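Taking it in order: structure first as structure tokens, then the write-up.
Number of protein chains: 2
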Amino acid sequence: MAAHDLTDRPADDARNEPQHETRQALLDAAEELFAEHGIDGTSLRAITRHAGANVAAIHYYFGSKEGLVQEVFARRLAPLAAERLARLEACGEAGEESLQPGEKTLECILRAFVEPFVELGWSIDRGTSAPHLSGRLMAQVITDRGDFLRGALAAELRETFDRFGRALTLAVPHLDREELIARFNFAIGTLVHAVGGIRLFDEENRALERSDALVDRLVAFLVAGFRAPAC
Amino acid sequence: MAAHDLTDRPADDARNEPQHETRQALLDAAEELFAEHGIDGTSLRAITRHAGANVAAIHYYFGSKEGLVQEVFARRLAPLAAERLARLEACGEAGEESLQPGEKTLECILRAFVEPFVELGWSIDRGTSAPHLSGRLMAQVITDRGDFLRGALAAELRETFDRFGRALTLAVPHLDREELIARFNFAIGTLVHAVGGIRLFDEENRALERSDALVDRLVAFLVAGFRAPAC
DNA sequence: GTCTATATAGCGATAGAC
DNA sequence: GTCTATCGCTATATAGAC
Chain A
379 MAAHDLTDRP ADDARNEPQH ETRQALLDAA EELFAEHGID GTSLRAITRH
429 AGANVAAIHY YFGSKEGLVQ EVFARRLAPL AAERLARLEA CGEAGEESLQ
479 PGEKTLECIL RAFVEPFVEL GWSIDRGTSA PHLSGRLMAQ VITDRGDFLR
529 GALAAELRET FDRFGRALTL AVPHLDREEL IARFNFAIGT LVHAVGGIRL
579 FDEENRALER SDALVDRLVA FLVAGFRAPA C
Chain B
379 MAAHDLTDRP ADDARNEPQH ETRQALLDAA EELFAEHGID GTSLRAITRH
429 AGANVAAIHY YFGSKEGLVQ EVFARRLAPL AAERLARLEA CGEAGEESLQ
479 PGEKTLECIL RAFVEPFVEL GWSIDRGTSA PHLSGRLMAQ VITDRGDFLR
529 GALAAELRET FDRFGRALTL AVPHLDREEL IARFNFAIGT LVHAVGGIRL
579 FDEENRALER SDALVDRLVA FLVAGFRAPA C
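Protein chains in written order, with my numbering: chain A, 379 to 609; chain B, 379 to 609.
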């Protein structure tokens, strides 16, 4: 299973007193409502109503709506980045019956990138105790809130980007840097839309609803895409 | 070139009197501002200010903000669908030195799907006379506004989806229906994010800015993805 | 067909009691 | 740490003059 539990609140510095339970309730409510109605479409009043708290509490804990939004993402992106990097690290360990030197590696790299994100996106819909950051919310931010991600959360994303970029460079040596970056971007789009994009027609839901099959299909698709000859 | 000109306003039923020029100005302004600040983030006041018109004009022509939003999309999606289908139709015509029966076909199908969308997404940034629906706006709607696309515009999308789905079924016979739908969805995500997604780091911009190279790279990536063995 | 003026409602944010 | 009350602002939408 996962090296980190993506479904739990962050470690919170050892002690875990329910001192800040209002704070947690606000984050949970915000996360759920943001995912459903979008960030702009969710008022502070709706959040506090849902959390059984008060408008002023948000400003007490987070200073502003913007501060709340940042916290909602920060508490998910940090474990996500850690989990991805941990799985990437674990890729080279087992000496298996690989066909070629880079062969097994590419699949493992992409799975390390894809699987934690799919698990994170799925967790909100699976009736677990607390609501979690859904894929929809991630997708919204990735498509709509560039400045936001570029700002506060860039460092964490940068590390993930760099480490996976380096691993991919070794795994797919026939691509130059520019082509590799383009394909990595394609992979991000594929992943984000698969987890958080809309399903226009019912058939799509059936084809994408099981998360284990989705991961396998994503990885197969992306491995082939990266292996494609350079343009 | 294109069979339809995606950069022009729709044919407007032969006559082209500037009778509704305020209406067109409102649509242009809305499209530009929606793409830049999001739909929720764009007020009617901002639109009318930008169009040199008045708040009441929007309600006169479109009834509500929602009506305006629908019109903004409808006037782009119809030519987009027509262009895609026209290019798909043109695929089987030239009897070339194909390696295998489905070989050339798959690339042509995917190019017919990808290229008109890239051209549409790019047109807004190229200083043409009128502002156009950018890829960012399409991406926003595809990720955030499922109900909206499922409703008013579903018919047009349904036809595109069906026709390309049938063509792909023939071109990639090793995939069953569910797997094909999943991969088609992957392709949509790749395309949408490549055209409308954010670029976290400068390097990505360099790798994705030239639209002709982008189309080639997208098609190469997607062809390989569809050719990947079934899971 | 386009305008000004305004109605009504909701927003984020803050002050201050407890 | 949590509450009520409210400020100041902007939103969508509409009525009615021209």
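Each residue gets a CB set at the ideal place from its N, CA and C atoms; glycine is no exception. Since the structure is predicted, the reported quantities are computational estimates derived from the model, not experimental observations.
Three or more Cβ pairs closer than 8 Å define a contact, and the stretch 424-443 of chain A falls short of that threshold against the stretch 513-520 of chain A. For the stretch 426-455 of chain A, the set of positions with a beta-carbon nearer than 9 Å to some beta-carbon of chain B is empty. A residue is called buried when at least 16 other Cβ atoms come within 10 angstroms of its Cβ; Gly567(A) meets this threshold and is buried. For Cys609(A), the chain B residues whose Cβ falls inside 8 Å of its Cβ are Ala591, Asp594, Arg595 and Ala598, in order along the chain.
For the options Phe599(B), Arg462(B) and Leu411(B), the alpha carbon positioned closest to that of Ala608(A) is the one of Phe599(B).
Ala408(B) is a Cβ neighbour of Leu446(B), given a cutoff of 8 Å.
Thr483(B) is outside the set of residues whose beta carbon lies under 8 Å from a beta carbon in chain A. The Cβ atoms of Ala413(B) and Thr426(B) do not sit closer than 8 Å to each other. Shown in chain order are the members of the stretch 512-536 of chain B whose Cβ falls below 8 Å from a Cβ of chain A: Arg514, Ala517, Gln518, Ile520, Thr521, Asp522, Arg523, Gly524, Leu527, Arg528, Ala532, Leu535 and Arg536. Within the stretch 401-486 of chain B, the complete alpha helix (DSSP H) segments of 4 residues or longer fall at 422-429, 433-440 and 443-467, listed in chain order.
The continuous stretches of alpha helix (DSSP H) do not include Leu578(A), and DSSP gives it neither H nor E. Of the residues Glu557(A), Leu586(A), Val570(A) and Ala585(A), the one whose Cα lies closest to the Cα of Glu581(B) is Glu557(A).
Approximately 20 Å separates the beta-carbon atoms of Leu455(A) and Ile487(A); this is outside 8 Å, ruling out the contact. DSSP, read as helix, strand or coil, puts Glu582(A) in helix.
Interface with chain B (8 Å Cβ-Cβ cutoff): Gly567(A) is included.
Contact holds between the stretch 541-556 of chain B and the stretch 484-500 of chain B, because three or more Cβ pairs, one in each stretch, are under 8 Å apart.
Leu586(B) has a beta carbon lying within less than 8 Å of a beta carbon in chain A. Nearest neighbour of Arg595(B) by Cα position, chosen from Arg544(A), Glu399(A), Phe526(A) and Ala565(A), turns out to be Ala565(A). A distance below 6 Å between beta-carbons, with the five flanking residues on each side excluded, links Ser589(A) to the following residues of its chain, in chain order: Val496 and Trp500. In the three-state DSSP reduction, His552(A) falls in the coil class, being neither helix nor strand. Not a single CB atom of chain B sits nearer than 8 Å to the CB of His552(A). The beta carbons of Gly416(A) and Asp522(B) sit about 6 Å from each other, so the pair counts as a contact at 8 Å. Counting only Cβ-Cβ distances below 7 Å, Asp418(A) has contacts in chain B at Gly416, Asp418 and Gly419, in chain order. Sixteen is the threshold: when 16 or more other Cβ atoms of the shown chains lie within 10 Å of the Cβ of Val593(B), as they do, the residue is buried. Interface flag for Glu409(B) against chain A is unset, since no Cβ pair is found closer than 8 Å. In this structure, Gly603(A) is the residue among Val573(A), Gly603(A) and Gln402(A) with its C-alpha nearest to the C-alpha of Phe562(A).
For Ala517(A), the enclosing alpha helix (DSSP H) covers residues Gly513 to Asp522. For a cut-off of 8 Å, the C-beta gap from Leu586(B) to Phe539(A) is around 15 Å, too long to register as a contact.
The criterion of a C-beta distance shorter than 8 Å is satisfied by Val601(B) and Ala606(A). What Gly575(A) touches in chain B, judged by beta-carbon distance under 9 Å, is Ile520, Thr521, Gly524, Asn563, Ile566, Gly567 and Val570, going in chain order.
Membership of Ala598(A) in the alpha helix (DSSP H) is indicated by the continuous run Ser589 to Arg605. Restricting attention to Asp406(A), Arg555(A), Val450(A) and Gln448(A), the CA atom closest to the CA of Gly430(A) is found in Asp406(A). Here the alpha carbon of Ile559(B) sits roughly 10 Å from the alpha carbon of Leu546(B). Within 10 angstroms of the beta-carbon of Val433(A) lie fewer than 16 other beta-carbons, which makes it exposed. Rounded to whole angstroms, Ala452(A) and Leu404(A) show a C-alpha spacing of 14 Å.
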